[in-house]
Structures are given as structure tokens and as C-alpha cells.
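Protein chains in written order, with the working numbering: chain A, 1 to 117; chain B, 1 to 119. Heads up, the thing below is written out as C-alpha cells.
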């Protein structure tokens with residue numbers, strides 16, 4: 001299993017450009033999510049999905065779009081990049097838990113370092 | 001109010017000593033889970049340990065244990081016999097609500113503690 005893969009690893013954009021960060025997982029996980037990591041702020045949730053066709057916003061969704069057409073893929077789109085979107089982006093996936101307590105850890109991809117100039 | 005608070009931005013510990021990384025949390029939900037992740041300088045997020053709110057015993061995974069004090073809302077990570085490879089950022093995170101509910105897999109992270117092991 002490759003686990004969670006993200007492409008590209010690094011990207012530099014100019015303000016106003018658009019791009020898509022790719023995320024794929026081969027573990028048949030229902031839940032997928034995108035986080036951004038900024039210095040001194042930990043990870044913050046951007047968008048998440050509990051299955052194909054179902055997405056919702058997290059804590060910091062502005063400026064980002066997502067869709068989930070397959071279980072495996074969960075791309076993150078920046079429609080018009082801004083310098084404030086300079087960050088490291090992590091994709092994560094996990095199984096949806098059954099009723100009751102479980103330790104369903106989230107598996108993280110290696111991250112994409114994005115710089116917007 | 002912060003949902004996850006990590007009050008130690010950085011710590012220096014001598015190799016082979018035990019170390020405790022602090023984490024306090026804030027939730028009104030009776031069902032929640034607490035996670036610790038390690039982020040080495042290479043940048044990946046590595047899952048270390050999990051504690052459920054209804055778990056009767058403290059979680060342990062090898063050299064890692066979680067000191068769960070529910071009444072105090074603290075979930076400190078204890079690393080026994082520290083090694084040079086333990087030098088990394090450590091994040092505490094929380095999931096609120098029971099598993100299987102829509103969106104309850106969302107994690108809220110603290111700001112992290114940078115641990116440096118001194119030889």
C-alpha cells in the first residue's frame with residue numbers, strides 16, 4: 001500500500017493563479033480531509049469528506065474548493081492564490097468509526113509546501 | 001477559548017531521561033478522543049498514541065504513554081528513556097463527539113511542542 005500520497009511536493013504560485021493539490025489514498029478510507037500548517041499555529045482543518053459526493057467545510061475554508069468523485073481521490077483547488085495561502089498542506093484519511101469508541105487514527109500524506117508570491 | 005492547549009513551545013531533555021509533554025483540552029462533549037502526533041524535521045505526521053474519553057486505563061504504546069486525567073482535562077504524553085530520534089515537534093489533537101457521526105472525525109490540533117534531545 002502506498003498509503004496517502006500528495007502531489008506536488010513543492011509549488012510556487014503567483015498571486016491570482018489557480019492550481020489543484022492532489023491527494024490519493026489506497027486504503028479504501030471513507031474519511032478524507034485537508035489541513036494547512038502555519039508556523040506557530042498547528043494544523044487547521046480546511047475541508048473534509050465522509051465519502052464520495054459528500055464534503056463539508058472545516059475551520060478555514062475560504063479560498064479553497066474541494067470535490068470527491070471517488071473514494072480514492074480528494075483534490076484541493078485554489079481558485080485565485082493569495083500570499084496568505086502560503087503554507088504546508090496535508091491531506092489525511094481514516095476509516096469512519098463504528099458506533100462507540102475506537103482509535104481510528106488519521107493517516108497523513110507527506111505534505112505539499114506551497115509558496116504564493 | 002482554545003480547545004487544545006500546549007503550553008511548552010520548546011523543551012530540552014537529556015538523552016535517556018523521561019519527558020512529559022503537556023496537553024490540556026476543552027470540550028463539553030462527553031465523548032471525545034485525544035491523539036498525539038510526532039512531526040520530525042522531515043515534515044511527515046506520525047501517529048503515536050490515542051486515548052478515548054471512556055477508556056478506563058491510560059493508553060500505552062511502547063515507550064509512549066498517555067497520562068489521562070479526565071477531571072483536569074489533561075492528556076500529557078510521557079516518553080520514557082528518550083532517544084536522539086525523539087527530537088521533533090509533538091502535537092496533541094482532539095476529536096469531539098462519538099465515532100460514526102458525520103464530521104466527528106475532524107481533529108483540532110494544539111500549537112505543538114518542539115522537543116530536543118541532548119546527547
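Where a beta carbon is used, it is the ideal one built from N, C-alpha and C, also for glycine. Bear in mind that the values here come from a model prediction, so they are computed numbers and not experimental data.
Please report the Cβ distance between residue i and residue j, rounded to the nearest whole angstrom; I am assuming they are in contact, meaning their Cβ atoms lie under 8 Å.
| i | j | result |
| --- | --- | --- |
| residue 60 of chain A | residue 36 of chain A | 7 Å |
| residue 45 of chain A | residue 106 of chain B | 6 Å |
| residue 114 of chain B | residue 89 of chain B | 5 Å |
| residue 117 of chain B | residue 44 of chain B | Not a contact, Cβ separation roughly 19 Å. |
| residue 95 of chain A | residue 38 of chain A | That belief does not hold up - the Cβ atoms of residue 95 of chain A and residue 38 of chain A are roughly 28 Å apart, past 8 Å. |
In three-state terms, what does DSSP make of residue i?
| i | result |
| --- | --- |
| residue 2 of chain B | coil |
| residue 22 of chain A | strand |
| residue 11 of chain A | strand |
| residue 85 of chain A | helix |
| residue 38 of chain A | coil |
| residue 105 of chain A | coil |
| residue 32 of chain A | strand |
| residue 74 of chain A | coil |
| residue 52 of chain A | coil |
| residue 100 of chain A | Only weak support is given to the placement of residue 100 of chain A: the predicted model assigns it a pLDDT of 44, under 50, and the question is left unresolved by the model. |
| residue 117 of chain B | strand |
| residue 107 of chain B | coil |
| residue 94 of chain A | strand |
| residue 17 of chain A | coil |
| residue 4 of chain A | strand |
Please determine, among the options, the residue with the shortest C-alpha to C-alpha distance to residue i.
| i | options | result |
| --- | --- | --- |
| residue 42 of chain A | B:84, B:83, B:9 | B:9 |
| residue 1 of chain A | A:22, A:12, A:28 | A:28 |
| residue 54 of chain B | B:78, B:93, B:17, B:71 | B:71 |
| residue 85 of chain A | A:62, A:111, A:24 | A:62 |
| residue 106 of chain A | A:38, A:31, A:75 | A:31 |
| residue 69 of chain B | B:119, B:26, B:2, B:11 | B:26 |
| residue 80 of chain A | A:47, A:116, A:34, A:48 | A:116 |
| residue 109 of chain B | A:40, A:95, A:75, A:65 | A:40 |
| residue 34 of chain B | B:42, B:24, B:62, B:11 | B:24 |
| residue 119 of chain B | B:87, B:92, B:91 | B:87 |
| residue 112 of chain B | B:81, B:61, B:77 | B:77 |
For residue i and residue j, I'd like the C-alpha separation in whole angstroms.
| i | j | result |
| --- | --- | --- |
| residue 68 of chain A | residue 92 of chain A | 14 Å |
| residue 78 of chain A | residue 56 of chain A | 16 Å |
| residue 82 of chain A | residue 89 of chain A | 15 Å |
| residue 97 of chain B | residue 28 of chain B | 10 Å |
| residue 8 of chain A | residue 56 of chain B | 43 Å |
| residue 67 of chain B | residue 37 of chain B | 15 Å |
| residue 72 of chain A | residue 50 of chain A | 12 Å |
| residue 17 of chain B | residue 7 of chain B | 20 Å |
| residue 24 of chain A | residue 12 of chain A | 21 Å |
| residue 52 of chain B | residue 75 of chain B | 11 Å |
| residue 48 of chain B | residue 58 of chain A | 24 Å |
| residue 64 of chain B | residue 19 of chain A | 40 Å |
| residue 21 of chain B | residue 4 of chain B | 13 Å |
| residue 15 of chain A | residue 42 of chain B | 28 Å |
| residue 79 of chain B | residue 17 of chain A | 45 Å |
| residue 100 of chain A | residue 31 of chain B | Here residue 100 of chain A scores only 44 on pLDDT, less than 50, and its place in the model should not be relied on; the value that follows carries that caveat. When rounded, the distance between both Cα atoms is 9 Å. |
| residue 109 of chain A | residue 19 of chain B | 28 Å |
| residue 102 of chain A | residue 34 of chain A | With a pLDDT of 49 at residue 102 of chain A, under the threshold of 50, the modelled position of that residue is not reliable, and the figure given next carries that caveat. The alpha-carbon atoms of residue 102 of chain A and residue 34 of chain A are separated by roughly 22 Å. |
| residue 91 of chain B | residue 53 of chain A | 31 Å |
| residue 22 of chain A | residue 39 of chain B | 21 Å |
| residue 58 of chain B | residue 83 of chain B | 22 Å |
| residue 75 of chain A | residue 111 of chain A | 13 Å |
| residue 6 of chain A | residue 113 of chain A | 11 Å |
| residue 12 of chain B | residue 81 of chain B | 14 Å |
| residue 66 of chain A | residue 46 of chain B | 25 Å |
| residue 160 of chain A | residue 62 of chain B | With chain A covering only 1 through 117, there is no way to say anything about residue 160 of chain A. |
| residue 10 of chain A | residue 2 of chain B | 31 Å |
| residue 70 of chain A | residue 26 of chain A | 11 Å |
| residue 122 of chain A | residue 85 of chain B | The structure shown does not extend to residue 122 of chain A, since chain A is modelled only from 1 to 117, so the question has no answer here. |
Starting from the beta carbon of residue i, find every residue of chain D whose beta carbon is closer than 7 Å, and list them in chain order.
| i | result |
| --- | --- |
| residue 108 of chain A | This model lacks chain D altogether; the protein chains it does include are A and B. |
(message) So within the region 8-93 of chain B, which uninterrupted beta strand (DSSP E) runs reach at least 3 residues, ignoring any that extend past its ends?
(response) 10-14, 19-21, 32-39, 46-52, 64-69, 74-79
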